[in-house]
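First the structure, in the form of structure tokens, and then the observations on it.
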Amino acid sequence: MHGIPLGAADSPWVIPLALGAGFLDGLNPCAITVLILFVGALLTTVGSAVAGGHAQVARLRIWTVAGGYITGVFLLYLLLGLGFLQFAWLAPLSRGHLATRVAGVGAVILGLAMAAEYFYPEGPVRVRTPDSLHGLVRRWTRPASGGAAFVAGVLIGLCTIPCGGGLYLAVGGVLALLENRAGALVLLLVYNVGFVLPLVLVVLAATSRAALLRISRWHVRSREALRLALGLLVTATGLLALALA
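For the sequence shown, our numbering gives the first residue as 122, with consecutive numbering after it.
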């Protein structure tokens, strides 16, 4: 095939689809696990301000630190996506859609591995958040500064790529096929906005330990079902990329 037609990126359903796909990707168990750890560490850090009656100061500090973290994650994934598209559009690769084919195969493998965990939780292949991230989150949220949180967002985002990057890889493969490259870049931006929306919503909701506890309980109850659903979605999107390439 010669790519997805020029007008496809202008269809009215494409932007909501990209936003929704990014939002679903942001709900992956790895991202939610890390986010709960991050918000928990952040609430511990600003707890003294709340206890002292400085709730407004505490809220400002929460959003300063959370904003730094979210910005770090957003810019990291946006730059990774831009890098992938630029690589995929190189003349030797774009003619045969080689990058899209490789991305599609990789996404199918990751998606099947995620789905397999639902049925075989103690199996040899486990796509999960590295345990070392727990200490990393605590270390970088302790200073309670936007700069440190930005670094944390970048570092933690890098560590969770193998765990939560399958759908992004597949979507990047599909975007690389668009003949309208400007449209592909816009959709990449929209996808990444959707990806960080769950982070923003959790920070909005988790300004108290009670809210964070409810989110944590929901996460424990739903993470395996989410893993299965996302694994199937990643697999389907990877197969779509392969079919279009």
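Don't be surprised by glycine CBs; every beta carbon is placed ideally from N, CA and C.
Given the structure is predicted, the values throughout are model-derived calculations rather than measurements.
{"Item": "Cut-off 8 Å between Cβ atoms - residues of its own chain near M122, not counting five sequence neighbours on either side", "Value": "With a pLDDT of only 47 at M122, under 50, the local geometry of the prediction cannot be trusted, and no value is derived from it."}
{"Item": "For V321, the nearest candidate out of L140, W134, A187, D146 (CA to CA)", "Value": "A187"}
{"Item": "Which listed residue (A236, A273, S215) has its alpha carbon closest to that of Y190", "Value": "A273"}
{"Item": "L211, DSSP secondary structure in three states", "Value": "coil"}
{"Item": "Spatial neighbours of L290 in its chain, beta-carbon cut-off 6 Å, leaving aside the 5 residues before and after", "Value": "A224, G227, A228"}
{"Item": "Neighbour flag for P150 against chain C, beta carbons, 8 Å", "Value": "Of the protein chains in this structure there is only one, and it is not chain C."}
{"Item": "E300 CB to nearest heavy atom of the ligand ATP below 7 Å", "Value": "With respect to the ligand ATP, the structure offers nothing, as it holds no ligand at all."}
{"Item": "Cutoff 6 Å; reference L206; Cβ partners in own chain excluding five residues on either side", "Value": "A297"}
{"Item": "Spatially closest choice to C280 from A139, W134, G143, V155, by CA coordinates", "Value": "V155"}
{"Item": "Extent of the continuous alpha helix (DSSP H) run through Y312", "Value": "302-326"}
{"Item": "Buried or exposed (CB count within 10 angstroms, at least 16 for buried), Y198", "Value": "buried"}
{"Item": "Helix, strand or coil at L148 according to DSSP, with G and I counted as helix", "Value": "coil"}
{"Item": "Distance CB(A326)-CB(I336) smaller than 8 Å", "Value": "yes"}
{"Item": "Burial state of P213, where buried means 16 or more other Cβ atoms lie within 10 Å", "Value": "exposed"}
{"Item": "V314 beta carbon less than 8 Å from that of L140", "Value": "yes"}
{"Item": "For I153, the nearest candidate out of W339, L353, L363, G359 (CA to CA)", "Value": "W339"}
{"Item": "Under the three-state DSSP convention, the category L298 falls into", "Value": "coil"}
{"Item": "Chain-order list of residues whose beta-carbon lies under 8 Å from that of P137 (same chain, five-residue window excluded)", "Value": "none"}
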